[in-house]
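Protein chains in written order, with my numbering: chain S, 1 to 482; chain U, 1001 to 1482.
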């Protein structure tokens, strides 16, 4: 049976300030209303039923993954399986972990691997191609999907094809299968142009098909230490799985499946693909996929432009007005707490900015101003000396944990909807313009019993206002008390 | 005696988004800690004592002018005199109004006129030149200050000099006085270059010296209708002055003193000046006066730059991070509720943006997010459906009016300092983390009895949240109840 595995562990930096360490791009709605993870999952729902859809993600993103998937119409029953890594250890480890699980439920499992954060403009061609890739993988080879390049892109890795292989799948020319001659890293412009002109190179899309058993054998061959550790994990999958992972996983070698296995294997083949693929790897990739006006501009609704050309001006805060005059080939990303303005030919240097901000300990690279929670969102409106103001939005029927804070007091003012609150011994229903005060050390809980959104303004006061000052007593989402 | 008149009625649009209709540039700290009005007043304090300093401003800006001037060390006792216009009617009317007042207190008054929002880098040369200009004005001529141009600026009006006049003030060449041959409007680049090369043209700085009686005679000659209206106002200065102004002033011709009088007069002379003058008329003018790094960039402290050149990146919100990569000749102005990104050679088109935003009824061209009040400031943190969140900062010893709102309720949470509150029949002192709730229709007052700043978070709820929903019962600052 074919199983699809989505790798959703990445913590990209190249789409800052929209992507953050705690909110990487797969969880963002960059193009369309749904997040990239949701779109990837829906694309795969055309190929496998939800019980054979697996997501590998970071432990701290588990709730977010489940929340986003459960919001999809066709994927909730049964829900996809979520595998969590205590820390990220690159794709070889994540794929090995998923292969272990697949083999346990299906010893002949075919495994398809997809990044969670890529983009496909031709979903029907994608589906057809994936089914062919699965058929090839039955021959116990490692199938890579090679995207036919339409420009001399320097931001991607390339695959050079070798001879045609005799898998007689179809008579259609573009569906020939080739042995992989070699993988090459991101080339310079001149080399990239030569690659495209040769017709023998494809972009490495990070999409792979193989039997779970095949990839495990290859891991045993080329990454034996990693494989041995995976066997230790496999032995404990029934009990103490989480503790075993927490002990073993951080010590695994952090290496990509490309470098660790595919570049060495003699079984790698490439299936050429023309599916409108993009890795959305930087702001120009987003720009390229966005609708543009007659001057080549992508402008958010809150942008007023005079005379700009070939520019991308994104703003996600409708309360801000953005005016642009005479921009050319500029990328602008304006969010509540940060602004990026970048010349189009230098978008790769967003990494430099993020690394520098990390070095400075800037919070703006880690958490977004609006933070997703299983019960809704919160947004920091103002941080002052010994106080913080938040807007908290709770979904209908959702509830925060029963909790207390040791160092901060909180005022809650309901501004929309209805709140059910527990505040020490008191329990009450509050409507818009009603409020409650929770002194430090008091157990409290906020819930939305209604059918509409609940929105409150929370004013925190106290000497310490960190998110880690929380003791949870009861939580619908299984979060621990630390 | 010499009197100095500051014209502070302008509502410039070219420095949007920092300047707003209700907060024009003279009231902003664009360069240095003090506002341009404050810096202009301090510059003039070297020439005239404060009882001979006059400010003409819009009625709605009167409190702001007084608040800003009273904060200056040397100008409070006696305070400068503030003349208010019910509506702005350009410089001929404002100067005529000031001349009436000056003549009443001093029939031989010498009157020096200065825009409130210009910049002078050489205050000592300025003082010396102004005293000379005053001496020339005693000869009953209209003295204009002509700035020696150092570049072919197309954004200024020019004055072409005629023959040298025999005012033997000094032997220093640059202090020769010339008859004005003519005034010319903003030229194109080629014309401006010819002007500068000729050595016979000066920038019109909008600084004038004359006797009050002389300018009134010239107004009578060239703008007789305006002059007749001024006489009507003069007849009522002792009683019903405000009502008279409110009736007559809006009907006055709106014309500049340059077009209305100086261009026609045979008595205009020009005194060349080299005082480091700028009108700060657009963002490139601000850039030119700002300290720049070795790459020609002016960067605010919250800016992280990679490889930009000759650019201006201003941000006034320390809670926001601005990253710029590879900008060249760009002007960026980032404030809480708006962002401007403009190619340096198109800054004049900021007007176009502002006019378009006005047409759309956008509040962002009128009020800044942080609004100055005589008692302190308020900042709108969030505007939602039927609610608004504000941060209110009250100066030590200051008090808001006793007031009520018909349509909105308010929650106040003290987050810093001490609040004395009146809330209906209740009166209380609140400390940080204490709060009060004021239902719609309840009289209330907020005051800061302490020696430190008071800061509260105000959550407003109700069907109508406009600032005009206020009934004032008692106000320290003489504001009416509407």
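Think of the CB as a built atom: it goes at the ideal place given N, C-alpha and C, for glycine as much as any other residue. Quantities reported herein were computed from a predicted structural model and do not represent experimental measurements.
Against chain S, does residue 1225 of chain U count as a neighbour if the rule is that its beta carbon must be under 8 Å from one of theirs?
no
Taking only three categories from DSSP, how would you classify residue 1068 of chain U?
helix
Among residues of its own chain, excluding the 5 on either side of residue 1052 of chain U, which ones have a beta-carbon nearer than 6 Å to its beta-carbon?
1003
DSSP beta-bridge partners of residue 1447 of chain U:
U/1399 and U/1420
If I measure Cβ to Cβ from residue 310 of chain S and keep anything under 6 Å in the same chain, skipping five residues before and after, which residues do I get?
296 and 329
Look at residue 1189 of chain U and residue 1178 of chain U and say whether their C-beta atoms are less than 8 Å apart.
no
Using three-state DSSP, classify residue 1375 of chain U as helix, strand or coil.
coil
Contacting residues, own chain, Cβ-Cβ under 8 Å from residue 222 of chain S (five flanking each side not counted):
260, 261, 264 and 265
Pick from S/271, S/283, S/422 and S/47: whose alpha carbon is nearest that of residue 166 of chain S?
S/271
Expressed to the nearest angstrom, what Euclidean distance is found between the alpha-carbon atoms of residue 1371 of chain U and residue 1220 of chain U?
41 Å
Starting from the C-beta of residue 1321 of chain U, find all residues in its chain whose C-beta is less than 8 Å away, skip the five residues before and the five after it, and write them out in chain order.
1302 and 1304
For residue 1172 of chain U, count neighbouring Cβ atoms within 10 angstroms of its own Cβ and tell me buried if that reaches 16, exposed if not.
Reliability fails at residue 1172 of chain U, whose pLDDT of 49 lies under 50, so the model's placement of it is uncertain and the value that follows must be treated cautiously. Classification of residue 1172 of chain U: exposed, given that the 10 Å Cβ count is below 16.
One or two residues paired with residue 1110 of chain U in a DSSP bridge:
U/1002 and U/1211
Option nearest residue 1059 of chain U by Cα separation, candidates U/1094, U/1376, U/1447 and U/1432:
U/1094
Does residue 156 of chain S come out as helix, strand or coil in the three-state DSSP assignment?
coil
Determine, using beta carbons only, whether residue 1282 of chain U and residue 1332 of chain U come nearer to each other than 8 Å.
no
Taking only beta carbons into account, state which residues of the segment 427 to 438 of chain S come closer than 8 Å to chain U, listed in chain order.
432, 433, 435 and 437
Does the distance from the CB of residue 1420 of chain U to the CB of residue 1449 of chain U come in under 8 Å?
yes
Quick one: which unbroken alpha helix (DSSP H) runs of 4-plus residues sit fully inside the segment 327 to 392 of chain S? Chain order, please.
350 to 359
Could you have a look at residue 1248 of chain U and say whether DSSP puts it in helix, strand or coil?
helix
Between the Cα of residue 294 of chain S and the Cα atoms of S/148, S/284, S/285 and S/312, which residue gives the shortest distance?
S/312
Classify residue 1431 of chain U: buried if its beta carbon has 16 or more other beta carbons within 10 angstroms, exposed otherwise.
exposed
What residues in the segment 1368 to 1385 of chain U have a beta carbon less than 7 Å from any beta carbon of chain S?
1381, 1382, 1383, 1384 and 1385
I'd like to check one pair, residue 211 of chain S with residue 268 of chain S: are the Cβ atoms closer than 8 Å?
no
Are residue 472 of chain S and residue 399 of chain S close, meaning C-beta to C-beta below 8 Å?
no
Specify the secondary structure class of residue 1468 of chain U as computed by DSSP and reduced to three states.
coil
Does residue 356 of chain S come within less than 8 Å of chain U when only Cβ atoms are used?
yes
Interface partners of residue 411 of chain S on chain U, CB under 9 Å
1411, 1413, 1433, 1435, 1457 and 1459
Where does residue 442 of chain S fall in DSSP's three states?
coil
Please specify which runs of the beta strand (DSSP E), each continuous and at least 3 residues long, are wholly inside the segment 1248 to 1334 of chain U, giving them in chain order.
1268 to 1273, 1303 to 1306, 1312 to 1315 and 1321 to 1325
Interface partners of residue 387 of chain S on chain U, CB under 9 Å:
1413, 1415, 1416, 1432, 1433, 1455 and 1457
With a cut-off of 8 Å, does the C-beta of residue 343 of chain S fall near any C-beta of chain U?
yes
DSSP puts residue 1126 of chain U in a beta bridge; with which residues?
Beta-bridge pairing links residue 1126 of chain U to no other residue.
Residue 1014 of chain U beta carbon less than 8 Å from that of residue 1487 of chain U:
Here chain U covers residues 1001 to 1482 and nothing more, so residue 1487 of chain U does not appear.
Could you tell me whether the Cβ atoms of residue 465 of chain S and residue 390 of chain S are closer together than 8 Å?
no
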